[in-house]
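Structure, as structure tokens:
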Amino acid sequence: MRYALYTGCTIQTEQFGYEVSVREVLPRLGVELVDMEGASCCGFPAFRSKSILGWLYLSSRNLAIAESLGFDMLPLCNGCHLSFIETKDNLDKDATLKGFITENLEKEGLKYSGNINVIHIVELLHDTIGVKKIGAAVKNPLKGLKLAAHPGCHAIRPSNLGRPDDSENPQKLDDLIVALGAETMSYPEKTDCCGSSLAMASGKTTLIIAGEKLRAVKGYGFNGLVTTCPFCFKVFDTRQRAIQTAMGDRSLEVPIFYYTQILGLAMGISPEKLGLDLNQSLVDVILEKIRGGDG
Amino acid sequence: MAGESMDKREVDFIILLLKRALSVLTPEFCEQCGKCTAACPISQQNENFNPRLIMALVQLGRVDELLKSDTVWMCSSCMKCKDSCPEELSPYDTILLLKKLAVRAGYDYPEKYSKFADAVREVQHRLVEAKEALEELMQAGPSEPKAVLVVGGGIAGIQAALDLGDRGFKVHLIEKSPSIGGVMAQLDKTFPTMDCSICILAPKMMECFRHPNIVLHTLSEVKEVTGSAGAFQVKILEKPRYVDASKCTGCGACTEKCPVKVPSEFQAGLEARKAVYIPLPQAVPRVASIDSEHCLYFQKGVCRVCERFCQAGAIDYEQQEREVRIDVSSIIVATGFTQYNPQEIGEYGYKRFKDVITGLEFERLICASGPTGGKLERLSDKRVAHRIAFIECVGSRSQRVGFPYCSSVCCMYATKNGVLIKEHHPESEVIIFYNDLKVFGKGFQSFIDRARDEWGIKYVRCRPGEIRENPLTKDLMIWYEDTDKGEVGKVEVDLVVLCSTMIPRPENKKLAGVLGVELDEFGFFKVRDPILNSLETDVPGIYVCGSCHSPRDIPESVAEASAAAAKVATNIQTRAIGGEE
């Protein structure tokens, strides 16, 4: 299994924990990650409001780079994944548009034929590698932990574009959590938005939306929340202090993890190697719990 | 590259995307049902953001107001609106384009506003195609026997058979299942008079059974039809009942002893029946039949318990399929409808949440002969439900999933059921989420008025965005927008009833092939002319009545059945006169 790894802007500039844990965990499950030289921003969402063609161009040039490597592309971010899938869809539907884009890509020495698959990390873990194989790799089951799954909007919607999981009842991330020996359950707010896209227009609304979700998660007795999206993580983890202020509730503490981080923990990898020291929510509580269970 | 040409192509492409986003701008374009706003996480927190209103302003061409305000920037791109719109529109895509316009065009580029407005106006002005002109009435054929075939033993088929039988015509009434009665037998009460459904139906069923001019063929289907109006030759396939109907006394001993449990069709799957069974207490004929698909003897060659316990010696495993040939002058199709399975509308959680049920399941739940004896115990924890919500237009008036037409009965039956709940427990709270109250029948509006004013049923105009289940209490949370007030709210209830639409029976296709008649785009039987010849198909001598040709209520089905019977009688009689000349 070889994939062209597309990290995207957010991960490369601030969400190091995600990249570190992915690079630590996936090779141990038999996945070889090939870096994409010359990759750029996926174009979404920053460029899309400004120029649709600009977005499509940026997005398709990354697809073209992966295509030249000859492997399927693995974007780590939900938003990037959707951007590539939407671009592919737009170019497939419109030959004129595709002609215009390829014409310009050629000036860069890039070739886009559309003959490339884009795989989501949840699809890779759940469908390709499989829950069984992941379960078998677990050395240190996360017993006694109850973790909430947060798939993130762009991993499940729009449902007509072949997203990695069901839009109303996503279960794959849940399955993956259970495979690690932890507990989970469906909760009404599971498919709720984290509010991050709103941060530029109305930061306060973002914090309230995210806060309501965290409050619900805590209320159901979860010990933490797990996601695969850097944008969602950024709001829930990095902005958790601000959320507490906005909600007027200092006790609103929910440890936030990337799935690859808890996967690594269950595989017996040390927290430092998984970038867990970069998480700003109170993950230490959970780490102690895991260590305690260990001894 | 030349900046200008890119601009032009980009503008064209924006318009293309816009058209795609609003690609279903038919006259039904955005009904302002509010489902998007009810699903929107921003609207739930911020009263100034409302996707429904954004769509309304686009509809009205008031795009510039949107661009001047900061509302379009409040979208978090979660796409809940896009995924929930029953009309397959996408407020999300519209907002994206509005954003783009705001950024690129600003107020310095008024010509781009006009392009946007033009594109909207262009698609909005599409017209519905006019229907075909009238066709000539059928030609009279030669002399013919006076027998008539009625396909389907629901209320419409029963009424047509009775009317014709009373006039002296011989009628063959064919029913696919072991008993006549149809869906009406499953209903608890009927609107707007609150009559007990089976109490007014059962006498008619019995009358059919006893009528000297009516021959009942249960467990039967039409296999082949040849000939033409006035002289159809029909082959009927009678499936074996494996019970001798002339010997069976309907005592039920076989049912009691049978070890196999199968979900009961009559109880909408809420209760089990046995493999040898009498489908409902008022079954006609009231004799048992063996469901060979589930019977242990037919499946595994063991058991035969029913045979041992039948004192009348009525069990007969050797019965064979029988073909019956009859000659008839006319055929009336009255095969009725089936209910849409709302499972594919994921946001309402049918089958995912036990206490989200369909209208038909509710009818059984509140019926005294239902699985709970009429107690409104919800399925998850057997607690009596006191807060009940009805959601209209589930699978109907929808372009996304389900069907675009109006199901025609839901506004009334939701109200009827609301009143029933209040009669059972006056302290209960009932909310009906409606899209438009379509109550056109006799006495219907006053029924609604009484439900609201005297019984205190709450009506909220909105398609709710989502139903969520509290995993601990099993209570259900509904997010909605009260579109009359523009307020987004949520309400917690014990039970949600989805008024799932009436849909064509899947067997229609086969039957239409046998009869040589056409189906419409949904699978309902097509009529010759929807206004002046609404009961006759394209094949002279073959008529339809009841909900097999579009959704309708009981009074209308009964009226149509009588009308179809009258048409058939008129044709037979004029032909007879013509023959004598």
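Order-wise, the sequence lines are chains X and S.
Residues 3 to 297, numbered by the numbering used here, are exactly what the first sequence covers, in order.
Residues 119 to 699, numbered by the numbering used here, are exactly what the second sequence covers, in order.
Positions of the beta carbon are idealized from the N, C-alpha and C atoms, including for glycine.
- Its chain contains Pro153 and Ile158 as the residues whose beta carbon lies nearer than 6 Å to that of proline 172 of chain X, once the 5 sequence neighbours on both sides are disregarded; these appear in chain order.
- A straight-line Cα-Cα distance of about 8 Å links glycine 137 of chain X and glycine 183 of chain X.
- Comparing alpha carbon positions, the residue from X/Leu149, X/Glu214 and X/Ile123 closest to glycine 250 of chain X is X/Glu214.
- For the pair glycine 634 of chain S and alanine 347 of chain S, the CB atoms are not nearer than the 7 Å cut-off.
- The DSSP assignment places 315-328 as complete runs of the alpha helix (DSSP H) inside the stretch 281-337 of chain S, in order along the chain (cut-off: 4 residues).
- When secondary structure is reduced to three states using DSSP, valine 442 of chain S falls in the strand class.
- Not flagged as an interface residue toward chain X: glutamate 183 of chain S, since no C-beta distance is shorter than 7 Å.
- For serine 62 of chain X, the closest Cβ of chain S is not nearer than 7 Å.
- At a cut-off of 7 Å between beta-carbon atoms, tryptophan 191 of chain S makes contact with chain X.
- Take the alpha-carbon of glutamine 351 of chain S and the one of cysteine 151 of chain S: they are about 50 Å apart.
- For leucine 185 of chain S, there is no enclosing beta strand (DSSP E); the enclosing alpha helix (DSSP H) has its first and last residue at 181-186.
- For methionine 173 of chain S, not one C-beta of chain X is nearer than 7 Å to its own C-beta.
- Here arginine 30 of chain X is exposed. Its C-beta has fewer than 16 other C-beta atoms within 10 Å.
- Straight-line measurement puts the Cα of cysteine 511 of chain S at about 37 Å from the Cα of glycine 205 of chain X.
- Counting along the chain, the unbroken alpha helix (DSSP H) around glutamine 246 of chain X starts and ends at 242-249.
- Taken through DSSP and simplified to helix, strand or coil, methionine 38 of chain X comes out as coil.
- Annotated three-state conformation of isoleucine 264 of chain X is helix, per DSSP.
- No Cβ of chain S is located within less than 7 Å of the beta carbon of serine 85 of chain X.
- The way I'd put it, the stretch 403-423 of chain S does touch the stretch 363-383 of chain S; three or more beta-carbon pairs between them come closer than 8 Å.
- Taking 7 Å as the cut-off, the Cβ atoms of glycine 664 of chain S and alanine 430 of chain S do not count as close.
- Rounded to whole angstroms, threonine 336 of chain S and serine 410 of chain S show a C-alpha spacing of 16 Å.
- Contact annotation, serine 295 of chain S with proline 397 of chain S: C-beta distance approximately 7 Å; criterion of less than 8 Å satisfied.
- For tyrosine 59 of chain X, there is no enclosing beta strand (DSSP E); the enclosing alpha helix (DSSP H) has its first and last residue at 54-71.
- Per DSSP, phenylalanine 18 of chain X lies in no beta strand (DSSP E) segment; the continuous alpha helix (DSSP H) that holds it begins and ends at 18-27.
- Residue ranges of uninterrupted alpha helix (DSSP H) with 4 or more members, entirely inside the stretch 488-572 of chain S and ordered along the chain, are 528-542 and 562-571.
- Taking a C-beta distance under 7 Å as the contact criterion, cysteine 580 of chain S and glutamate 599 of chain S qualify as a contact pair.
- Segment contact: the stretch 408-428 of chain S against the stretch 374-381 of chain S, three or more CB-CB distances shorter than 8 Å; contact assigned.
- Taking 7 Å as the cut-off, the beta carbon of valine 124 of chain X is found closer than this to the beta carbon of threonine 230 of chain X.
- Residue range 477-484 is occupied by the alpha helix (DSSP H) that includes glycine 477 of chain S.
- Residues of chain S whose Cβ lies closer than 9 Å to the Cβ of glutamate 170 of chain X are, in chain order, Asp201, Ile463, Gly464, Glu465, Tyr466, Gly467, Arg470 and Glu584.
- Between glycine 221 of chain X and asparagine 142 of chain X, the C-beta spacing is not below 7 Å.
- Checking the DSSP bridge columns, you'll see arginine 391 of chain S partnered with S/Val380.
- Only those residues of the stretch 296-324 of chain S whose C-beta falls short of 8 Å from the nearest C-beta of chain X would be listed, and there are none.
- Taking a C-beta distance under 7 Å as the contact criterion, leucine 278 of chain X and valine 287 of chain X do not qualify as a contact pair.
- At a cut-off of 7 Å between beta carbons, proline 589 of chain S contacts chain X.
- Per DSSP, the continuous alpha helix (DSSP H) segment holding lysine 198 of chain S begins and ends at 198-202.
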